[in-house]
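Heads up: the sequence shown at position 43 corresponds to 43 in the numbering used here, and the numbers run straight through without jumps. In this text, a Cβ means the ideal position worked out from N, Cα and C, and glycines have one as well. Since this is a predicted model, take the numbers as computed values, not measurements. Right, one structure below, let's go through it.
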Amino acid sequence: MSRINENYQRINKYDTQAAFDAVQAGQAFSEARGSLTRYLFRVDPAERQKIAEEMAAQDKRTDEAIAAIQPVVTSDAAKAAMDKLQKDLSAYRTARTALMQAQTQPGSPVDNLPQLKPVHDLGGALSEDFAKIEQIGMDGAKQETAALGEQIASERIVTFTLSLVVIVVAMGIGLWLARMISRRLTHLEQRAEEIAGGDLSQPVQVLNGDEIGRLAAAIEHMRQNLQQSMSEIQMAANQV
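Written out as structure tokens, the structure reads:
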């Protein structure tokens, strides 16, 4: 069971955690993209400054979630996906800064600016990167869970087999004890009949201190008393 628990903890710590952190990072990044759109369409400098601060906070949350993914990524596919994500993110932020600086005045159209396409394309690529890492984590969790289920089933079979062996052994011991008790009772019954018939020559064997043993001891005590009485009667008869 300890191995099962260790495997469960590994699934929870690595695969599931990586998927969760990827979702968190993707959500923060999506919010930052939305903030960029609002920034580009706002005219008021104070409002734009506030949006820029919100975007910086969203970037920070994105980076923190990505940093949380790094220690729990184990497979080659996940590591490759993480490398691509970080490259795309770095390129996206560079392109985003260039687009913000290329806007001639607050709120002016940016549709025709060449800096817009890299931001758009890299933003879409990053959304796919986050989704891929999430999927890798979920697939890993599913595979590990399936393997864990097989392990649990296997250990249940072993446990059931051991339980069955214990039952069979217990039944065997029970039958052996029953036969043993039956033989002892038959022997005591035979000796009691012999004593009742006057055969006092053979002592009754007392091997155990259980109920049968105490019964055997009582019969032996009776035999000894009868033997002593018979001896006394024989001596009295010889004196007549």
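Closest Cα partner of residue i within the set the options
i, options, result
"D139", "A68, R33, T62, S75", "S75"
"S30", "I133, G123, G137", "G123"
"D44", "P106, Q58, E54, A78", "P106"
"S127", "R42, E54, P109, D88", "D88"
"A102", "R48, D129, Y92, L116", "L116"
"D111", "F41, T97, D83, Q17", "F41"
"A120", "I136, A98, R61, A77", "Per the sequence shown, the amino acid found at residue 120 is His instead of Ala. When only C-alpha atoms are compared, the closest one is A98."
"A67", "A125, T104, T37, Q86", "Q86"
"A125", "P109, A56, R93", "R93"
CB of residue i within 8 Å of CB of residue j, strictly
i, j, result
"P118", "A95", "yes"
"I69", "A131", "no"
"E134", "A28", "no"
"Y39", "A52", "yes"
"S252", "Q58", "Missing from the structure shown is residue 252; the chain here goes from 1 to 240 and no further."
"I250", "A77", "Residue coverage of the chain in this structure runs from 1 to 240, which leaves residue 250 outside it and unanswerable."
"V73", "K79", "yes"
"M91", "T62", "Checking the sequence, you will find Ala at residue 91 rather than Met. Not a contact, by the Cβ cut-off of 8 Å."
"K60", "D129", "no"
For residue i, the first and last residue of its enclosing alpha helix (DSSP H)
i, result
"V23", "17 to 41"
"Q58", "45 to 69"
"Q101", "76 to 102"
Item checked: Whole runs of the alpha helix (DSSP H) within the stretch 112 to 138, excluding any shorter than 4 residues -> none
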